[in-house]
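Visitor: According to our numbering, the sequence shown holds residues 4 to 246 in order.
Here it is, the structure, as structure tokens.
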Amino acid sequence: MPRPRLRYVVYFLILLGAILSTCGGSLCTWRVWDSWLPVVCAVVIITFVELALLIRRSHVIVKHLQEGDVQRFLEETDKELKYSSGSWRHCYLVNKTAGLYYLGQWDQAIEILDDVPYQKLPKMYQILYVNNRLANLIAAGRIDEAGELINAHPEAFEKSKHNQAFFATLQSNLGTYKFARGQLDEARELIESNVPEHKHRLAQAVSHYYLGMIHRQQGRIDEAERYLNKARELGKNSYLEHV
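Structural data, given as structure tokens:
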């Protein structure tokens, strides 16, 4: 998750200044700490409670996407963006581009990511940034840019503690890139092997769509229709509903 907000540091500095001003600059007496200990504990507790609520809130919002309710996910994300700043804001923007992807608003998602400072993101969100940008670039037909992104961030596609939650999606997106390049057998292997690992139905819908397109291009029409019908079924309330 993003680092604590700047105001937590401000809370601490204000509290420290207040303590110093009332004890002549000395923090080494028990009397000082005995009188200020309840206040210190209250500030620490409030800080941790707020952080816990923020993290829980972000998980609740992401759950809307996992359940296939893209509009609700975007609405709740936009509410948070009105009041968030710094790292929290950047992370919510990265999350938002996943919802825009499923609505087919790929160029808008890419524009948002253009304005997100990649280097300032937490490590996990750097990899999520690469994942979301790659998916939107491929869907928008910007294949050369997608290839440049893959070459610039090879570490994102190697399994680690930072990407384990969405490693299957990364591999599937790598497969869709190979599909766009005409490497159908490699694309099919990557996408098919990761279908069971997807944790929500919209990600499954995307994989079924591309598997359907691969089968179609390889002349297996009946198999292609089976996958495409499944993509439409799983992809309700997204662009995949009408493929």
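Ideal placement from N, C-alpha and C gives every residue a C-beta, glycine not left out.
#1: Indicate whether A171 and N197 have their beta-carbon atoms separated by less than 8 Å.
#2: Kindly confirm or deny that the region 209-219 and the region 229-242 touch, where touching means at least three C-beta pairs closer than 8 Å.
#3: As a quick exercise: from N98, F160, Y104, pick the residue whose alpha carbon is nearest that of E79.
#4: Ignore the nearest five residues each way along the sequence and tell me which others in R92's own chain have a CB closer than 8 Å to its CB.
#5: Would you kindly work out how many angstroms separate the C-alpha atoms of Y121 and H67, rounded to a whole number?
#6: Measure the Cβ-Cβ separation of R184 and I146 and say whether it is below 8 Å.
#7: So, for R204: in the same chain, excluding its five sequence neighbours on each side, which residues have a beta-carbon less than 6 Å away from its beta-carbon?
#8: Taking the alpha-carbon of Y95 as reference, which of P157, L131, W109, Y105 has the nearest alpha-carbon?
#9: Consult DSSP for V35 and reduce its assignment to one of helix, strand or coil.
#10: Going along the chain, which residues of its own chain have a beta-carbon closer than 6 Å to the beta-carbon of A159, five neighbours each way excluded?
#11: Helix, strand or coil for S163? Go by DSSP, reduced to three states.
#12: So the alpha helix (DSSP H) D188 belongs to, where does it begin and stop?
#13: State the DSSP-derived secondary structure class of K202, mapped to helix, strand or coil.
#14: Have a look at K164, P199, S210 and flag the residue whose alpha-carbon is nearest the alpha-carbon of L177.
Guide: Quick answer:
#1: yes
#2: Yes, they touch.
#3: N98
#4: For R92, where only same-chain residues beyond five positions count, the Cβ hits under 8 Å are L84.
#5: Approximately 25 Å between the Cα atoms of the pair.
#6: yes
#7: So the qualifying residues of the chain are G71, L237.
#8: It is L131 whose Cα lies nearest to the Cα of Y95.
#9: Here V35 scores only 49 on pLDDT, less than 50, and its place in the model is too uncertain to base an answer on.
#10: I130, V133
#11: In the three-state DSSP reduction, S163 falls in the coil class, being neither helix nor strand.
#12: Where D188 is concerned, the enclosing alpha helix (DSSP H) stretches over 187-197.
#13: coil
#14: S210
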